[in-house]
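**Q**
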Amino acid sequence: MKLHEQSLASLKAGLEQGDFSSRQLTQHFLERIRSLDPRLNSFITVTADAALAAADAADAARARGEAGPLCGLPLAHKDIFCTRGVRTSCGSRMLDNFTSPYDATVVARMAAAGAVMLGKTNMDEFAMGSSNETSYYGPVRNPWDQDRVPGGSSGGSAAAVAAGLAPAATGTDTGGSIRQPAALNGITGLKPTYGRVSRLGMVAFASSLDQAGPMARSAADCALLLEAMAGHDPGDSTSVDRPVDDCQTGLDRSLEGLTVGLPEEFFPQNLDPRIAEVTREAVRELEKQGARVVDISLPTMKYSVPAYYVIAPAEASSNLARFDGVRYGYRCEHPENLTDLYERSRSGGFGDEVQRRILVGTWALSHGYYDAYYLRAQRVRRLIRDDFARAFEKVDVIMGPTTPETAFPLGAKSGDPVNMYMADVFTIAVNLAGLPALSMPAGQLDGLPAGVQVIGNYFDEARILNVAHRYQQATDWHRRSPDTGGEA
Amino acid sequence: MALDRETVAQVAQLARLRLDETESAAVTDRLNEILGMVDELQQAEVADVEPMAHPLELAQPLRADEVTESDRRDDVMGLAPAEEGGCYLVPRVVE
Chain A
1 MKLHEQSLAS
11 LKAGLEQGDF
21 SSRQLTQHFL
31 ERIRSLDPRL
41 NSFITVTADA
51 ALAAADAADA
61 ARARGEAGPL
71 CGLPLAHKDI
81 FCTRGVRTSC
91 GSRMLDNFTS
101 PYDATVVARM
111 AAAGAVMLGK
121 TNMDEFAMGS
131 SNETSYYGPV
141 RNPWDQDRVP
151 GGSSGGSAAA
161 VAAGLAPAAT
171 GTDTGGSIRQ
181 PAALNGITGL
191 KPTYGRVSRL
201 GMVAFASSLD
211 QAGPMARSAA
221 DCALLLEAMA
231 GHDPGDSTSV
241 DRPVDDCQTG
251 LDRSLEGLTV
261 GLPEEFFPQN
271 LDPRIAEVTR
281 EAVRELEKQG
291 ARVVDISLPT
301 MKYSVPAYYV
311 IAPAEASSNL
321 ARFDGVRYGY
331 RCEHPENLTD
341 LYERSRSGGF
351 GDEVQRRILV
361 GTWALSHGYY
371 DAYYLRAQRV
381 RRLIRDDFAR
391 AFEKVDVIMG
401 PTTPETAFPL
411 GAKSGDPVNM
421 YMADVFTIAV
431 NLAGLPALSM
441 PAGQLDGLPA
451 GVQVIGNYFD
461 EARILNVAHR
471 YQQATDWHRR
481 SPDTGGEA
Chain B
1001 MALDRETVAQ
1011 VAQLARLRLD
1021 ETESAAVTDR
1031 LNEILGMVDE
1041 LQQAEVADVE
1051 PMAHPLELAQ
1061 PLRADEVTES
1071 DRRDDVMGLA
1081 PAEEGGCYLV
1091 PRVVE
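Line by line, the protein sequences give chains A and B.
Letter 73 of the first sequence, counting from 1, is numbered 73 in our numbering, and no numbers are missing.
Letter 2 of the second sequence, counting from 1, is numbered 1002 in our numbering, and no numbers are missing.
1. Looking only at its own chain, which residues have a Cβ that is under 8 Å from the Cβ of A:Gln-473, when we skip the five neighbours before and after it?
2. Skipping 5 residues on each side, what residues in its chain have a beta carbon closer than 8 Å to that of A:Met-128?
3. Specify whether the segment 175-193 of chain A and the segment 445-459 of chain A touch according to this definition: at least 3 beta carbon pairs, one from each stretch, less than 8 Å apart.
4. Looking at the secondary structure, which residues open and close the alpha helix (DSSP H) in which A:Arg-84 lies?
5. Exposed or buried, B:Val-1093, counting other C-beta atoms within 10 Å across all chains shown (16 or more means buried)?
6. Roughly how many whole angstroms lie between the Cα atoms of A:Asn-97 and A:Phe-323?
7. Are the Cβ atoms of A:Val-418 and B:Glu-1033 separated by less than 9 Å?
8. Just the chain A side, please: which residues come within less than 8 Å of B:Val-1011 by C-beta, in chain order?
9. Suppose you measure from the CA of A:Asp-124 to the CA of A:Asn-132; what does that come to, to the nearest Å?
10. Find the residues of chain B that neighbour A:Asn-337, judging by a C-beta separation of less than 7 Å, and give them in chain order.
11. Looking only at DSSP bridge pairs, what is A:Met-94 linked to?
12. For a cutoff of 9 Å on Cβ pairs, would you count B:Ala-1080 as touching chain A?
13. Taking all protein chains shown into account, decide if A:Pro-273 is buried (16 or more other Cβ within 10 angstroms of its Cβ) or exposed.
14. Would you list, in chain order, the members of the segment 233-247 of chain A that have their beta-carbon closer than 8 Å to a beta-carbon of chain B?
15. Which residues does DSSP pair with A:Ser-439 in a beta bridge?
16. Taking CB distances under 9 Å as the criterion, tell me whether A:Gln-378 reaches chain B.
17. May I ask you to list the residues that DSSP assigns as paired with A:Thr-172?
18. Looking only at DSSP bridge pairs, what is A:Thr-206 linked to?
19. With 9 Å as the threshold, decide whether the Cβ of A:Ala-488 is near any Cβ in chain B.
20. Is it true that the CB of A:Ala-163 sits closer than 9 Å to the CB of A:Leu-40?
21. Check whether the Cβ of B:Thr-1022 lies closer than 9 Å to any Cβ atom in chain A.
22. Give me, in chain order, the residues of the same chain whose beta-carbon lies closer than 8 Å to that of A:Pro-404; leave out the 5 immediate sequence neighbours on both sides.
23. Specify the secondary structure class of A:Ala-488 as computed by DSSP and reduced to three states.
24. For the segment 196-230 of chain A, which residues have a beta carbon sitting closer than 7 Å to at least one beta carbon of chain B?
25. Give the single residue among A:Ser-481, A:Gly-18 and A:Met-440 whose Cα lies nearest to the Cα of A:Lys-191.
26. At a Cβ threshold of 9 Å, is B:Gly-1036 touching chain A?
27. Please determine, among A:Arg-381, A:His-469 and A:Val-294, the residue with the shortest C-alpha to C-alpha distance to A:Asp-396.
28. Drop a sphere of 10 angstroms on the beta-carbon of A:His-478, count the other beta-carbons inside from all chains shown, and report buried for 16 or more, exposed for fewer.
29. Would a C-beta distance cut-off of 9 Å place A:Thr-174 and A:Tyr-458 closer than the cut-off?
Have a look at this one:
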């Protein structure tokens, strides 16, 4: 099998057996990026020289018998993670000139485990978007159909993995930004429990929702990556001080006795029946393996999108107040006074969608609207969490479609924010509750991948990875790759 | 709840964003579409429900009051768009 179609587990075995070196592997992916990415635009920055140096260091470490769990494996980081000495743009003109003075904890941990960074992937500006079209660096193209979006905001990471430009990548998920692009590109993506992975050095969007996670070709690969990424970090006050579960040993566990909840709210009247059928077919496979399915209801999930579009912009308006044209980032030319400096630096540095969300958030937090919108949204947030808590008294995992449709054409929603927001209608409730959830490929419609979501209880990543792995042992949707041309 | 252009201008000023005249009408329309969707929240039954600020009930962690960071002044000042003698430069604010 071609190197770029192999799982991390298989590449790791190849490195261990000496079938190829990390340098050869890294060169292979750098060559793929050079030939294919001018069209896909999945990377903002490619760090070829540093990658080869890191690969050589990994090969040397292995020769000394000091190979870490990711030793010599290439991967890409979403450009939201700070990387020391490398531009960290967050997809924004505001940070186009920003070179981070430090590494995000996720970046440092994966490097310490031996991973080789290929570069930084494209994304919606400040992770605000569901199509990658809000990036200052231009949209990413979906490798399954280059006239379609890859989803967002981790669209560059998803497209790079799907097209075989990287065997795995990191992403972040505030309202679906790992799971939705994973679904639209036919890969596996995991959003861990809120607090499981450190947010230190991850550019903040909505701090009570943001969570980093792995994006890869299989659930087993996500398990390997999660163990390297996760864990307590004293530098992030919301990082949970609790040992990381072993997610790999239990991957093969039988599903006998597993209870799967199917919420009626994931199957609304107007849902494309083919999307519903992809989920039902995946659930039937789990039933064959001994799982029991029960119908459940999450009645307040219908408020998740409106609640999110108060809470996330409110937190964003506060987080993005730091961009002032003074300390770092974009600064306007010839400011007349301090107010002029702030206003023109911010309006010149931020794109339209980011400015819209700052305006919505500022408004929701302003005098007279705080109670009616912001506090009300937080009360609804508790109702949504309570709905999940009741459901998890009866079931082990909850399943449904990841997205209401497959990848849509570039430009189809970019002028219509509310329509774009509905792309995350099935993913947002999970972030409001803070639960872990995974998207895995489970079918194709008209040649485009469709994803199914597996939601677990708090800190139950090992269970949802086990469910997804068992599904992937019995099916081959996750092994399908888009046709990227006839080269090696 | 519908916003007029004047309210949007006030909010933009609070957020330190500059909306020019040509954008203002379009921005107001888009914001009103978003708020129209958000207004579904008004139908939710939330009496006696405590607001939830955070998914996990965490206490603020404390640590010993010790210096944990090294001096990175030059690295950080090097990122400033305008700097002189270790100070950030901004337009004159005191006459």
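Cβ atoms here follow ideal geometry from the backbone N, Cα and C, with glycine treated the same way.
**A** Let me lay it out:
1. Answer for A:Gln-473: Asp-252, listed in chain order.
2. Here the set comprises Thr-134, Ser-153, Phe-205, Ala-316, Glu-353, Val-354 and Arg-357.
3. Touching, yes.
4. Neither: A:Arg-84 is in no alpha helix (DSSP H) and is coded neither H nor E.
5. Answer is exposed; the Cβ neighbour count stays below 16.
6. Cα to Cα, the separation comes out at about 13 Å.
7. The criterion of a C-beta distance shorter than 9 Å is satisfied by A:Val-418 and B:Glu-1033.
8. Under a criterion of Cβ atoms nearer than 8 Å, the residues of chain A adjacent to B:Val-1011 are, in order, Leu-359, Thr-362, Trp-363 and Ser-366.
9. Roughly 4 Å between the two C-alpha positions.
10. Near A:Asn-337 (Cβ distances below 7 Å), the residues of chain B are Pro-1091.
11. None, per the DSSP bridge assignment.
12. Yes, its Cβ sits closer than 9 Å to a Cβ of chain A.
13. By the beta-carbon neighbour count (other beta carbons within 10 angstroms, threshold 16), A:Pro-273 is exposed.
14. Residues are counted here when their Cβ sits less than 8 Å from a Cβ of chain B; for the segment 233-247 of chain A these are Pro-234, Ser-237, Thr-238, Val-240 and Asp-241, given in chain order.
15. Looking at the DSSP output, A:Ser-439 bridges to A:Gly-189 and A:Gln-453.
16. Judged by the 9 Å Cβ criterion, A:Gln-378 is in contact with chain B.
17. In the DSSP assignment, the residues bridged to A:Thr-172 are A:Ala-212.
18. Per the sequence shown, the amino acid found at residue 206 of chain A is Ala instead of Thr. Per DSSP, none; premise fails for A:Ala-206.
19. Note on A:Ala-488: pLDDT 47, under 50, position unreliable in the model; no value is reported.
20. In contact: A:Leu-40 and A:Ala-163 (Cβ atoms closer than 9 Å).
21. No - not a single Cβ of chain A is within 9 Å of the one on B:Thr-1022.
22. Counting only Cβ-Cβ distances below 8 Å, and skipping sequence neighbours, we find Leu-271, Asp-272, Ile-275, Met-422, Ala-423, Val-425 and Phe-426.
23. Reliability fails at A:Ala-488, whose pLDDT of 47 lies under 50, so the model's placement of it is uncertain and the value that follows must be treated cautiously. The three-state reading of DSSP puts A:Ala-488 in coil, since its state is none of H, G, I, E or B.
24. Result list: Ser-208.
25. Nearest neighbour of A:Lys-191 by Cα position, chosen from A:Ser-481, A:Gly-18 and A:Met-440, turns out to be A:Met-440.
26. By this cut-off, B:Gly-1036 is an interface position.
27. Closest in alpha carbon position to A:Asp-396, among A:Arg-381, A:His-469 and A:Val-294, is A:Val-294.
28. Looking at its Cβ environment, which holds 16 or more other Cβ atoms inside 10 Å, A:His-478 is buried.
29. A:Tyr-458 sits away from A:Thr-174, with the two beta carbons spaced by 9 Å or more.
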